[in-house]
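In what follows, a single structure is set out as structure tokens and then discussed.
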Amino acid sequence: MSIYGMKDASNLVLIDKATKKPVLYIDYANATSTEWDSDRVYATKKGANAIAWDTNRSGKLTLESELFDLKLLALTLGANVENGSSDVFRREDLTLGSDRILKLNSTPLDGSVTVYKLEDDGIGHDGAEIPQKITGGEGSVPLMVTDVAVTAKDTSAAITWSTSTGATSYVVYRDGKQVGQPTTTSFSDTDLEAETSYTYTVTAVNVNGQSPVSAVVSVTTTAAGSSTSGAVVKATNEAIAAATAAANAQGEDGVTYTIGKDGTLTFSEAAITGVPYVVYYIATVNGVKSITVGEDTFSGAYEIYGDAYIRNQETGKDEFIQLHYFNARPQSKFTFAQTSKEPASLSIVFDLFPNKNKDLAVYKIID
Numbered sequence: 002m003s004i005y006g007m008k009d010a011s012n013l014v015l016i017d018k019a020t021k022k023p024v025l026y027i028d029y030a031n032a033t034s035t036e037w038d039s040d041r042v043y044a045t046k047k048g049a050n051a052i053a054w055d056t057n058r059s060g061k062l063t064l065e066s067e068l069f070d071l072k073l074l075a076l077t078l079g080a081n082v083e084n085g086s087s088d089v090f091r092r093e094d095l096t097l098g099s100d101r102i103l104k105l106n107s108t109p110l111d112g113s114v115t116v117y118k119l120e121d122d123g124i125g126h127d128g129a130e131i132p133q134k135i136t137g138g139e140g141s142v143p144l145m146v147t148d149v150a151v152t153a154k155d156t157s158a159a160i161t162w163s164t165s166t167g168a169t170s171y172v173v174y175r176d177g178k179q180v181g182q183p184t185t186t187s188f189s190d191t192d193l194e195a196e197t198s199y200t201y202t203v204t205a206v207n208v209n210g211q212s213p214v215s216a217v218v219s220v221t222t223t224a225a226g227s228s229t230s231g232a233v234v235k236a237t238n239e240a241i242a243a244a245t246a247a248a249n250a251q252g253e254d255g256v257t258y259t260i261g262k263d264g265t266l267t268f269s270e271a272a273i274t275g276v277p278y279v280v281y282y283i284a285t286v287n288g289v290k291s292i293t294v295g296e297d298t299f300s301g302a303y304e305i306y307g308d309a310y311i312r313n314q315e316t317g318k319d320e321f322i323q324l325h326y327f328n329a330r331p332q333s334k335f336t337f338a339q340t341s342k343e344p345a346s347l348s349i350v351f352d353l354f355p356n357k358n359k360d361l362a363v364y365k366i367i368d
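Under the numbering used here, read the sequence shown as residues 2 to 368, first letter to last.
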């Protein structure tokens, strides 16, 4: 009887059981280990085990690696590796030059930009977010809605306002809650209570986001059963002043910026030059490989061939061994560990199931 030793991990070939086609070759695992398990119960005689029964054997194949194939990750997750363009979140640290312009590596999606001045450590945010200057032009949210007017009846109110530059639609709020999103400059609000006070505000919307909130208009509905409308009500001078001040709010020391269509940020004269700023944004990037982790998507079943060599103790000769697992499926729970000191490590466990002959695996040694 020959005695053997083994010093290597198996190279694995995964065969999709549904298509019968090879889908992945793994030759980079640091360890491939198989665990066979079976529960045993005993009948005892005067406190000593007398008869034993074994349950059906189960098995697990564990793969440990510090290298990995994207397809292996996708396979384990029951997903695919998708190639193409995708929206990617980015963070760029940039120093503002004398021209007060920051050029981003990619063109940001509308409404996705956030800017801060950085502290000396280059990490922390120095102060509040720097606001984008509202111009109503390209790359900007619409200008604040003005001239909001409300005419109320007993159970309804008609709201009108002036066109806001850059707007594609509007949002109407009653008592701070959205009640409509018209694309024109008027809206009829219904189901109101008679002789009740309400407040209305309007914002303008485009792909970059919402404008500042308009001045508040307060109105009281007429008595129940009234057939005529009350007087037209507009915002008070105090409400207009408050809304205008909020709309014109600037960053600390009056700093604002505008966004160009080519991904440039132009800062106001109040911005300090020669210091770092950080820009967070989302951009559409080409050449992206994506793997989506789904809540209810899981891996299928695979037939696995593991190739390795064993060494004969007497002859010193290496002999080929093939480990054939008939039905394997990756566990849904697996670990992908990342640390700052060691290479990322991947651990995947395959549950092993029997074939129709109740066989779990076969080991074949070839002289």
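Where is the CB? At the ideal position from N, CA and C, for every residue including glycine.
For residue i, which residues from the same chain have a beta carbon less than 8 Å from its beta carbon, with the 5 sequence-adjacent residues on both sides left out?
i: Glu-320; result: Tyr-5, Tyr-310, Ile-311, Arg-312, Asn-313, Ile-366, Ile-367 and Asp-368
i: Gly-231; result: Thr-152, Ala-153, Lys-154, Val-220, Thr-221, Thr-222 and Thr-223
i: Ser-11; result: Ala-30, Thr-33, Gly-307, Asp-308, Ala-309 and Leu-324
i: Glu-315; result: Ser-3 and Ile-4
i: Asn-287; result: Gly-85 and Ser-86
i: Gln-332; result: Ile-349, Val-350, Phe-351 and Asp-352
i: Gly-1; result: Examination of residue 1 is not possible in this model, given that the chain is present from 2 through 368 alone.
i: Ser-39; result: Asp-55, Thr-56, Asn-57, Arg-58 and Ser-59
i: Ile-322; result: Met-7, Asp-308, Ala-309, Tyr-310, Ile-311, Tyr-364, Lys-365, Ile-366 and Ile-367
From the DSSP output, in three-state form, read off residue i for me.
i: Thr-298; result: coil
i: Thr-136; result: coil
i: Leu-13; result: strand
i: Glu-343; result: coil
i: Ile-260; result: strand
i: Asn-57; result: coil
i: Ile-283; result: strand
i: Thr-35; result: strand
i: Ala-329; result: strand
i: Thr-245; result: helix
i: Lys-1; result: Residue 1 cannot be examined here, being either before or after the span of the chain that is shown, 2 to 368.
i: Ala-240; result: helix
i: Leu-353; result: strand
i: Leu-119; result: strand
i: Leu-68; result: coil
i: Thr-265; result: strand
i: Thr-77; result: helix
i: Gly-226; result: coil
i: Gly-275; result: coil
i: Gly-85; result: strand
i: Gly-255; result: helix
i: Gln-314; result: coil
i: Ile-27; result: strand
i: Pro-109; result: strand
i: Gly-6; result: strand
Give me the Cβ distance between residue i and residue j, rounded to the nearest whole Å; I'm assuming they're in contact under 8 Å.
i: Leu-110; j: Ala-284; result: 6 Å
i: Ser-141; j: Asn-209; result: 6 Å
i: Val-233; j: Ala-150; result: 5 Å
i: Leu-144; j: Gly-167; result: 7 Å
i: Leu-62; j: Thr-35; result: 5 Å
Once you ignore the five residues that flank residue i on each side, which residues in its own chain have a CB closer than 7 Å to its CB?
i: Tyr-29; result: Ser-66 and Leu-68
i: Ser-370; result: The requested residue 370 is not part of the displayed model; the chain covers only 2 to 368.
From the DSSP output, read off the bridge partner residues of residue i.
i: Leu-324; result: Gly-307 and Tyr-364
i: Ala-205; result: Tyr-171
i: Glu-196; result: Per DSSP, none; premise fails for Glu-196.
i: Ile-160; result: Val-151 and Phe-188
i: Glu-93; result: Val-280
i: Arg-41; result: Asp-55
i: Asn-50; result: Thr-45
i: Lys-235; result: Ala-150
i: Lys-178; result: Arg-175
i: Ser-219; result: Thr-200
i: Asp-319; result: Arg-312
According to the Cβ coordinates, are residue i and residue j closer than 9 Å?
i: Ala-329; j: Leu-353; result: yes
i: Val-280; j: Val-116; result: yes
i: Tyr-264; j: Leu-97; result: One detail in the question is off: residue 264 reads as Gly in this sequence, not Tyr. In this structure, Leu-97 does not lie closer than 9 Å to Gly-264 by Cβ.
i: Gly-177; j: Thr-200; result: yes
i: Ile-260; j: Gln-179; result: no
i: His-325; j: Tyr-364; result: yes
i: Ala-225; j: Glu-270; result: no
i: Val-42; j: Ala-49; result: no
i: Thr-336; j: Arg-101; result: no
i: Tyr-303; j: Leu-105; result: no
i: Val-82; j: Lys-290; result: yes
i: Gly-128; j: Asp-94; result: no
i: Lys-118; j: Ile-305; result: no
i: Ala-236; j: Val-256; result: no
Going by beta carbon distance, what residues of the same chain come within less than 6 Å of residue i, once the five residues before and after it are set aside?
i: Pro-183; result: Tyr-171
i: Leu-64; result: Ala-30, Thr-33 and Ile-349
i: Ser-346; result: Glu-67 and Ala-338
i: Trp-162; result: Val-146, Asp-148, Val-149, Thr-186 and Val-203
i: Tyr-26; result: Val-14
i: Ser-198; result: Thr-221
i: Lys-22; result: none
i: Glu-120; result: Asp-127
Please tell me whether residue i has its Cβ less than 9 Å away from any Cβ of chain D.
i: Tyr-43; result: Absent from the structure is chain D; it holds one protein chain and no more.
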